[in-house]
Every structure is written in structure tokens, then in C-alpha cells.
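Residue numbers (the working numbering), protein chains in the order written: chain Z, 96 to 588; chain S, 824 to 1053. These notes concern the structure reproduced below.
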Amino acid sequence: MENRPLEYDYTVAKWFMLVTVVLGIVGMLVGVILAWQMAFPGVNLMLGEGLAEYTNFSRLRPLHTDSVIFGFTLSGIWATWYYVGQRVLKVSMAESKFLMFLAKLHFFVYLLVVVAVVGTLLLGISTGKEYADFEWPIDIAVVVVWVLWGMGLFGLIGIRREKSLYISIWYYIATFLGIAMLYLFNNMEIPTYFASGGIGNWYHSVSMYSGTNDALVQWWYGHNAVAFGFTVPIVAMIYYFLPKESGQAVYSYKLSLLAFWGLMFVYLWAGGHHLIYSTVPDWMQTMGSVFSVVLILPSWGSAINMLLTMKGEWQQVAASPLIKFMILASTFYMFSTLEGPIQAIKSVNALAHFTDWIVGHVHDGVLGWVAFMIMAALFHMAPRVYKREIYSKSLMNTQFWVQTLGVVLYFTSMWIAGITQGMMWRAHDEFGNLAYSFIDTVAVLHPYFTIRAVGGTLYLVGMFLFAYNMYKTMTSARRVEESELQNASPMGA
Amino acid sequence: MFHWLEKHPFFFAVAVFVTIAFAGLIEILPNFAQASQPVVGTKPYSTLELAGRHIYISNNCMGCHSQLVRPFKSETDRYGHYSLSGEYAYDRPFLWGSKRTGPDLMRVGNYRTTDWHENHMKDPAAVVPGSIMPAYRWMFKKSADIDTAYAEQVTVNKVFKTPYNTEIPMADGTKATVKLGATLDEAKADALEEAKAIAADMKDQDVKDAVAAGNIPEIVAIIAYLNSLK
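So, in C-alpha cells, the structure goes:
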């Protein structure tokens, strides 16, 4: 009996995989609409004057950010957790009815929150804080979702057979703790209906913090939601999926240690770089700036560890589109974590802040690193949970190149747009007067906004190719035996 | 030590939590008491202004407009005096924004007027040729939510001691008082008076009629808010 391989139960992993694909398409579709609205404002009225309120750029923008962060990325994180967790802890979800129940409840409450978020944001119900836009009833539901996941996470760890926690588990634990702390403190708010004795909207609330303090807490949260949503769990994925898919051992355990504890210590300090030249105390701005530069070390530590894992096996990058996705993700991680610190240097920030260069930075990170890694993880998981080969390798290759081209168009156009606008804002003529009115600095961006919209559209086309490939994999690809699922994932032509 | 931690998940989690919480404690706590003091001339929002602020938030205006003037000549030339921490003392939440697709609005009340906003919100490109800002015509029809604004005033007055009905020193040496109605009806009547003064400067007949009939369209409230930004 001891020699029989465990039968893992992937029910909840499958559900989250499905939601990842759907919300990825929704979030990116809204993003593409926004991009075209910035290039051609007429798109704001795409469903006519009567629905203008709900198709307007400003209403849709939080829907884009939140559905990509808390929809696509978060469900991707959970899809991988309900797969990776069992395998590295050597315990099946089927072994505990209680944990299985928690996992299913986790999924369904999460779906309810998604529906509530989409509805309220479209109606303009918002607390006004970026990536923390939800009013208090939804915040409470978010906490419930998080606690359900946490109970499942530590529950599974509690009944594990493999005593040592694999590197990926470190990162999942950190994701859980980090977001829990940040979300709770940033969303401290007082429901006005109850505090005023029953006046006005029941769901409205007012922030516990005001002005500069509110900004400080918000960007401590905002930056680190990126840390613990877009970095830490994605690193968890690459530490599992790249060695698995390539059949190579992780290059260095010591480097993993250094990168993990370094990231944990340094990341939280860096939030201050969102507030450079604002009214928060100067020493905090400087700390934010300095620690952002230090952050290169642990970030590159993980990325280099991953690249060196491929040492001697680089032919796999050419041979397997799945390895391509992961290696490009890792490369974009390095790229993005170098670009961020550069933007956090005070003199660069003076130019870059408030411009599209920042938007470009976010997107080379999220499209190039986060989304590529999540899609690679789903591609690796699909044959193992559905017992079918990946439907089409050539479709994967096409998707890879279409999306890579999309990302490159996106960030190059936003670099040029951002730096152009930053330079024009500060330009003076020979008499010391401002050289440009604000609208001049908007009009000049039109070609770059258009290129960005094309880049984003290409990426979305890639998402549809991805969805189609996954759908065919689930339903009609060739069935595979367990023996074909050792390392490199089986793929059809 | 690390090998030991990796076999003991509870202590591992504690170690991770301490490592990540450390920065927050040191960076955030020391500033809290000091930064929330208002500067001379900073007033809390009136009921109508606060209702307008809610409309600003609801439509995510801060997605494209900052409210933070950085201390550079190019910014003070364009937008006015650079921002001071105390000027935000009554801003819950803060609305600095993170992107300037449109210009900063920290002191827009100093250089734009009610009728400019009216025309601009109806058709931005007609006022600023080349503008990519969408129109906000539904604000001329929907009514502002005065009740919730009043509820928020009562809340911040009770919980955070935001100084309503209190004399506040102004920069020119005079004193100003921002009224908080004793009842919702009183607050609504005051908001309507304020709305009438704004509607008098507007051209839209539907808005004028609505205000005359005791209704306050969203556009009037948001203009009250924008005019208060100085």
C-alpha cells in the first residue's frame, strides 16, 4: 500500500482553473476597451448615451484593475494552490472531508464576491482607494474568503506526510499572511449608516485614516498587494512548475533561502516610493526609494535561480512552448524588477510619476510575468488533472508569439508616452514660462495610445487562443496514461 | 535554523509575519499623530461639497486626475502652491490619485468657474479641443445623495471630532464656520440654499428647474466640490 502513488483530488483546482480563464478574458477585455477609449474617446459611448454611465472610462477602470488582480490572478493562485499543495505535501484532498468542504465553500463564497464586486463597481459604489475600492460589506466577505483559504492551507499542512515544507509552500504561506495583514489595516472604515443612527446608504463607509496618513496606509497596502499578489505567489508557481516541467532540480537551495527571506524583509519598505515628493515625511520617501533599489537583490535572486535551473538544458526552451512561457516570465520578472527600482529613484520619479511610464511598468510585470506564469501553470496542470494531452502545441507557440508581440508594443509605447509627457510638463521656454499647455501633452500621446491599444488587443487575442486550447484539452484531446506525465507535458501537434 | 523552520509551519508563519510586519510598524506608526493636523485655512466640507466629493469618488475621477501638487517650479507654475500635509486633514479617503491623464485638480477652484465646469462636463472637447475626457451628461439628470453626505458628516464629527459648527482660523486672519445641520432636514435645507447659488450661475434650464423644485442634480454637487478645491 505504501508504494501505491497517491490519488490527488483536483476538483477545486479544476473549478478555479476555469474561473481563471474566464476572468482573465473579462479583465483583459475591459482593459482593451479602456485602451481604445484613451485613443478614441468616442468609444466611451459604445453602447449609446443611455448606458454612458456604465461604459465610461472612469467607471470601467477599477473593474479592469480589480478583475485582473482579484479575479484572474487570485483564482490562478488558488488553482495552483489546490494542485501544488497536495503534491508537495504528499497528501490528497480526498483524505479529509472537512478540508474538501472548506475548499468548496472557499470557491463558492469567492464567486459570490466576484459577482458583488462587478455589480457595485459598475454602479459606482466605491470607497475610492485603488485596489481597495470595495465597500465594507464586501470587505467582510473578502475576509471570510481569505479565512476559508487560510484554514484549508494550514489544515492541509497539518495533515501532511512530507515533513519539510517545499519552497513553494513558503511563498503560499507568505501570500496568505501578507495580504491578510495589509487588507485588514487598509480597509479600516466606519459604516456611516450605523454611526449616524440610520441615515443615508447602509453600505457607505468613511476611512479611519485621513489625508497623508490615509495615503501612507493605502500605498503600504497598494504596493504590497503587488508584492503578495503579483510576486510572492507567482514565485511559488515558478519554483514548482519550472523544475517539474523541465525535469531539472532547483539550481540552489541557498539562493532560494536568501531570495525568500530577503523579499519578505525588504518588500514592505518599498511602498513609500509611491509617495515621493508628496506630503509624507521625507525620510519615508527616501526609505521607499532606497529599499526599492535593494529589492533588486531578492527579486533577481529568484529569477536567476530559475534561469540557472535550466543550465545545460537550454534546448528545452526551443523545443517546448511551455518552457518558453516560463523562461520569458522569469525574464520579464527580472526586467520589471529592474525597471521599478529605476522609477523609484527620486530624480527619475520626479519625471515618471503620474505618467504612462508607470502604466507601462505595471503591464510588463503583469502581462509578461504574472499572466505568462499563470498560463504556463495551467498548461502544465491541464494534462494532469484532465488526463488528456495539451490539445495543440502549435497553437501554444502562436499564442506565445502573439502575446509577446503584444507586451512589447505595450511597454515600448508607454515608455515613450510617459517620458514624452513628463518632459513636456516640465519644459520651459526661454523666458521661464511653461512651454506647453496641458492639452498639448495629451494630444501628443495619441499615436502611442493607439499602439498600446493594438498591443493590448493582440494580448487579448492570445487569451482567446489560450481559452480555446484549454477548452479542447478538457474536452477532446487524446487521453494520456500516467506514465506520460512524468516531466515534459504531452502535447498534440 | 532555516531547516528547522521549514519543518515547523507554525513557527515558520510567525517568523514570516514578524519579518513583513516590521517595516509597517516603523514606517507608519510614528507619523500618525503629527500628520493629521490641519493648516490654517483648512475647513471641513459642507454637506453639498461632501455629496459632490462622493460623486467624484463614485465616478473614479481620481483615476485620471491627481490632487497633489509636487514642489517643482513646473508644477507650482501650472497648478499653484505645492501641497501641504495639513491641507488634507479632512480628506477621508485621500484623493491624490496615481495618474495624470488629465491635469491636477488640487486647486482647481482657484482658476475654473461654475459655468466652465457646466460646459466642460457636458462636452469636454467643446471646451478644450482635443480633450479625451468622456462627457458626464447623466450628472445633469441624477440626483445627488445628500442623506449619505450628512450621515458621513455626523460620523466624522462624532468619531474624529472634525470641527463642524466651530470657528476655524483662515489665512487672512478672519474666522469661518462650517455648519453641520442639527437634523437631516436642516442639512438638506442648507444644501439646497448652497445649490441655488450655484444653479444661478448655470445655464441648463432642467438643472435650474430641478433646484427650484427642491431637487439637487449631481452636477450641482460636484461643482460645489470642485469650487471648494483651493
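Every residue gets a Cβ at the ideal spot worked out from N, C-alpha and C, and that includes glycine. None of these values were measured; they are calculated from a predicted model.
Quiz item: Where do the ends of the alpha helix (DSSP H) carrying residue 924(S) lie?
Solution: For the purposes of this step, residue 924(S) is taken as the residue at position 101 of the second sequence. Where residue 924(S) is concerned, there is no enclosing alpha helix (DSSP H), given that its DSSP letter is neither H nor E.
Exercise. With a threshold of 16 other CB atoms inside 10 Å of the CB of residue 839(S), please say whether the residue is buried or exposed.
Key: Taking the first residue of the second sequence as position 1, residue 839(S) is located at position 16. Buried, by the Cβ-count rule.
Exercise. Using three-state DSSP, classify residue 567(Z) as helix, strand or coil.
Key: Here residue 567(Z) is taken as the residue at index 472 of the first sequence, counted from 1. DSSP places residue 567(Z) in helix when its eight states are reduced to three.
Practice problem: Output the distance between the C-alpha atoms of residue 91(Z) and residue 140(Z), rounded to the nearest integer angstrom. | Solution: With chain Z represented from 96 up to 588, any question about residue 91(Z) goes unanswered, as that position is not in the structure.
Self-check item: Three-state secondary structure assigned by DSSP to residue 971(S)
Solution: For the purposes of this step, residue 971(S) is taken as residue 148 along the second sequence, with counting starting at 1. Helix.
Exercise. With distances taken Cα to Cα, identify the nearest neighbour of residue 461(Z) among 447(Z), 252(Z) and 161(Z).
Key: Your numbering for residue 461(Z) matches position 366 in the first sequence. Looking at the Cα atoms, 161(Z) is the closest of the given residues.
Quiz prompt | For residue 96(Z), the three-state DSSP class (helix, strand or coil) | solution = Here the question's residue 96(Z) lines up with position 1 in the first sequence. Its pLDDT being 46, under 50, residue 96(Z) is placed unreliably by the model, and the measurement read from it follows with that caveat. Here residue 96(Z) sits in coil by DSSP.
Quiz prompt | alpha helix (DSSP H) runs contained entirely in the stretch 430-455 of chain Z, provided each spans 4 or more residues | solution = 441-447
Self-check item: CB contact check: residue 206(Z) to chain S, cutoff 8 Å
Solution: Counted from its first residue, the first sequence places residue 206(Z) at position 111. For residue 206(Z), the answer is no, since every Cβ of chain S falls outside 8 Å of its Cβ.
Practice problem: Going by DSSP, name the residue or residues bridged to residue 586(Z). | Solution: The residue given as residue 586(Z) occupies position 491 in the first sequence. Residue 586(Z) pairs with 485(Z).
Quiz item: For chain S, is any of its Cβ atoms less than 8 Å away from the one on residue 154(Z)?
Solution: Here residue 154(Z) is taken as the residue at index 59 of the first sequence, counted from 1. For residue 154(Z), the answer is yes, since a Cβ of chain S falls inside 8 Å of its Cβ.
Practice problem: State yes or no: is the C-beta of residue 977(S) within less than 8 Å of the C-beta of residue 291(Z)? | Solution: Along the second sequence, read from residue 1 onward, the residue named residue 977(S) stands at position 154. Along the first sequence, read from residue 1 onward, the residue named residue 291(Z) stands at position 196. Between residue 977(S) and residue 291(Z), the gap from beta carbon to beta carbon is short of 8 Å.
Exercise. Give every residue of the same chain whose Cβ lies closer than 6 Å to the Cβ of residue 150(Z), excluding the five residues on either side of it in the sequence, and list them in chain order.
Key: Reading the first sequence from its first residue, position 55 is the one you call residue 150(Z). So the qualifying residues of the chain are 141 and 142.
Quiz item: Taking the alpha helix (DSSP H) that residue 1011(S) falls in, what are its first and last residues?
Solution: In the second sequence, the residue the question calls residue 1011(S) occupies position 188. Its alpha helix (DSSP H) spans residues 1007-1022.
Self-check item: Close Cβ partners of residue 980(S) (< 7 Å) along its chain, the five nearest in sequence each way excluded
Solution: Residue 980(S) sits at position 157 when you count from the first residue of the second sequence. Excluding positions up to five away in sequence, the list reads 987 and 1003.
Quiz item: What residues in its chain sit with their C-beta under 7 Å from that of residue 96(Z), if we drop five residues either side in the sequence?
Solution: Position 1 of the first sequence, counted from the start, is the residue given in the question as residue 96(Z). Any reading at residue 96(Z) must be qualified, since the residue scores a pLDDT of 46, below 50, and its modelled position is unreliable; no value is offered.
Quiz item: If you follow the alpha helix (DSSP H) that residue 1051(S) is part of, which residue opens it and which one closes it?
Solution: Indexing the second sequence from 1 puts residue 1051(S) at position 228. 1041-1051 is the span of the alpha helix (DSSP H), which, as asked, contains residue 1051(S).
Quiz item: Would a C-beta distance cut-off of 8 Å place residue 319(Z) and residue 273(Z) closer than the cut-off?
Solution: Locating residue 319(Z) in the first sequence gives position 224, counting from the first residue. Locating residue 273(Z) in the first sequence gives position 178, counting from the first residue. It is a contact, given that the beta carbons lie within the stated cut-off.
Exercise. Kindly indicate if chain Z contains any beta-carbon less than 8 Å away from that of residue 891(S).
Key: As a position in the second sequence, residue 891(S) is number 68, starting the count at 1. Taking Cβ atoms only, chain Z reaches closer than 8 Å to residue 891(S), which makes this a yes.
Practice problem: Taking the CB atoms as reference points, tell me whether residue 1040(S) and residue 994(S) lie closer together than 8 Å. | Solution: Taking the second sequence and counting its residues from 1, the one referred to as residue 1040(S) is at position 217. Taking the second sequence and counting its residues from 1, the one referred to as residue 994(S) is at position 171. Their beta carbons are not under 8 Å apart, which means residue 1040(S) does not touch residue 994(S) by this criterion.
Practice problem: Could you tell me the boundaries of the alpha helix (DSSP H) in which residue 215(Z) lies? | Solution: Stepping through the first sequence from its first residue, residue 215(Z) is reached at position 120. Here the alpha helix (DSSP H) through residue 215(Z) covers 192-218.
Quiz item: Taking Cβ positions only, does residue 559(Z) come closer than 8 Å to chain S?
Solution: As a first step, residue 559(Z) is located in the first sequence; it is residue number 464 there, counting from the start. No, residue 559(Z) does not count as interfacial toward chain S.
Quiz item: Got a sec, what are the start and stop residues for the beta strand (DSSP E) residue 361(Z) sits in?
Solution: In the first sequence, counting from the first residue as 1, residue 361(Z) sits at position 266. Here residue 361(Z) belongs to no beta strand (DSSP E); instead the alpha helix (DSSP H) covers 348-362.
Quiz item: Among the residues of its own chain, which have a CB less than 6 Å from the CB of residue 494(Z), if the five just before and after it don't count?
Solution: Taking the first residue of the first sequence as 1, we reach residue 494(Z) at position 399. Hits under 6 Å: 557, 560 and 561.
Quiz item: Shortest alpha-carbon distance to residue 209(Z) belongs to which of 451(Z), 254(Z) and 159(Z)?
Solution: For this step, residue 209(Z) is matched to residue 114 along the first sequence. Ranking 451(Z), 254(Z) and 159(Z) by Cα distance to residue 209(Z) puts 159(Z) first.
Quiz item: Can you round the beta-carbon distance between residue 962(S) and residue 920(S) to whole angstroms, since I take them to be within the 8 Å contact cut?
Solution: Residue mapping note: residue 962(S) aligns to position 139 of the second sequence, counting from 1. Residue mapping note: residue 920(S) aligns to position 97 of the second sequence, counting from 1. At roughly 20 Å, the Cβ-Cβ gap does not stay under 8 Å, so residue 962(S) and residue 920(S) are not in contact.
Exercise. Give the secondary structure of residue 894(S) by DSSP, where H, G and I count as helix, E and B as strand, and everything else as coil.
Key: By 1-based counting over the second sequence, the position of residue 894(S) is 71. It is coil, neither helix nor strand.
Quiz item: Contact between the stretch 1042-1052 of chain S and the stretch 867-883 of chain S: three or more CB pairs below 8 Å?
Solution: yes
Exercise. Helix, strand or coil for residue 286(Z), going by three-state DSSP, please let me know.
Key: Residue mapping note: residue 286(Z) aligns to position 191 of the first sequence, counting from 1. Strand.
Quiz prompt | Complete runs of the alpha helix (DSSP H) confined to the stretch 246-300 of chain Z [at least 4 residues] | solution = Qualifying alpha helix (DSSP H) stretches, in chain order: 262-281 and 287-290.
Practice problem: Could you tell me whether the Cβ of residue 162(Z) comes closer than 8 Å to any Cβ of chain S? | Solution: As a position in the first sequence, residue 162(Z) is number 67, starting the count at 1. Taking Cβ atoms only, chain S never reaches closer than 8 Å to residue 162(Z), which makes this a no.
Quiz item: Quick one: any contact between the stretch 254-264 of chain Z and the stretch 173-189 of chain Z, if contact means 3 or more CB pairs under 8 Å?
Solution: Short answer: they touch.
Quiz item: Are residue 95(Z) and residue 331(Z) touching if we call contact CB-CB under 8 Å?
Solution: Not covered by the structure: residue 95(Z). The range shown for chain Z is 96 to 588.
Exercise. Would you mind sorting residue 342(Z) into buried or exposed? The rule is 16 or more other CB atoms within 10 Å of its CB.
Key: Here the question's residue 342(Z) lines up with position 247 in the first sequence. Classification for residue 342(Z): exposed.
Exercise. Find the nearest neighbour of residue 226(Z) within the set 550(Z), 351(Z), 241(Z) and 156(Z), judged by alpha-carbon distance.
Key: The sequence position of residue 226(Z) within the first sequence is 131, counting from 1. Checking every option, the nearest Cα to that of residue 226(Z) belongs to 156(Z).
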